[in-house]
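Undergrad:
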Amino acid sequence: MNDIFHAVFSTQGFVLGTLVPFLFVLTVVVFVHEMGHYLIGRWCGIGVKAFSIGFGPELVGFNDRRGTRWKLCAIPLGGYVKFVGDMNATSSQPSAEEIESLTDAEREVAFHTQPIWKRAATVVAGPLFNFLLTIAVFAVLFSLYGRPVLEPTVAQV
Numbered sequence: 725m726n727d728i729f730h731a732v733f734s735t736q737g738f739v740l741g742t743l744v745p746f747l748f749v750l751t752v753v754v755f756v757h758e759m760g761h762y763l764i765g766r767w768c769g770i771g772v773k774a775f776s777i778g779f780g781p782e783l784v785g786f787n788d789r790r791g792t793r794w795k796l797c798a799i800p801l802g803g804y805v806k807f808v809g810d811m812n813a814t815s816s817q818p819s820a821e822e823i824e825s826l827t828d829a830e831r832e833v834a835f836h837t838q839p840i841w842k843r844a845a846t847v848v849a850g851p852l853f854n855f856l857l858t859i860a861v862f863a864v865l866f867s868l869y870g871r872p873v874l875e876p877t878v879a880q881v
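Using the working numbering, you'd call the opening residue of the sequence shown number 725 and step up by one each time.
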């Protein structure tokens, strides 16, 4: 029994040695990706209802002054940004009745009522922010560790 506990929970074991670092890195990547959608969407004037890291039941969350619900959920395998006017999980084009059901204020900032360039910029922002994160991580790694080079030395004169 002690061997199983040690194999699972030691720093070389599965949980602390593999699963926790994987979930940490995944959470950082998802956060940066979703933050890209959020920041460019807000910059384009699109309203945001929710910013979530994870899925399932909400563990902790708060509302900011713009009305966005920021939350951390129980299953840390992804995330999402819910824009005003998103009627379903696929963010597909809502029907005319669904758009009419929005208030005038919601319709002004709804994702699907924005010009195509704003929607495209918002959609592309997530992967673009991941690309920028990759550049930053590699820049830090290469500046800290670099590439080992043996200095030439004269053995004898």
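No residue lacks a Cβ here, since even glycine has one placed at the ideal position from N, Cα and C. Being a predicted model, the structure only gives us computed values, none of them experimental.
#1: Per DSSP, what kind of secondary structure is residue 864 in: helix, strand or coil?
#2: Relative to the alpha-carbon of residue 836, which residue among 800, 823 and 828 has its alpha-carbon at the smallest distance?
#3: Per DSSP, what are the beta-bridge partners of residue 804 in this structure?
#4: Would you kindly check if the distance between the Cβ of residue 755 and the Cβ of residue 777 is under 8 Å?
#5: Given that a residue counts as buried once 16 or more other Cβ atoms are within 10 Å of its Cβ, and exposed if not, what is residue 772?
#6: Residues in its own chain within less than 7 Å of residue 760 by CB, not counting five upstream and five downstream?
#7: Where do the N-terminal and C-terminal ends of the alpha helix (DSSP H) with residue 750 fall, by residue?
#8: In angstroms with no decimal places, state the Cα-to-Cα distance between residue 779 and residue 866.
TA: The short version:
#1: helix
#2: 823
#3: 776
#4: yes
#5: buried
#6: 849, 850, 852 and 853
#7: 744-767
#8: 34 Å
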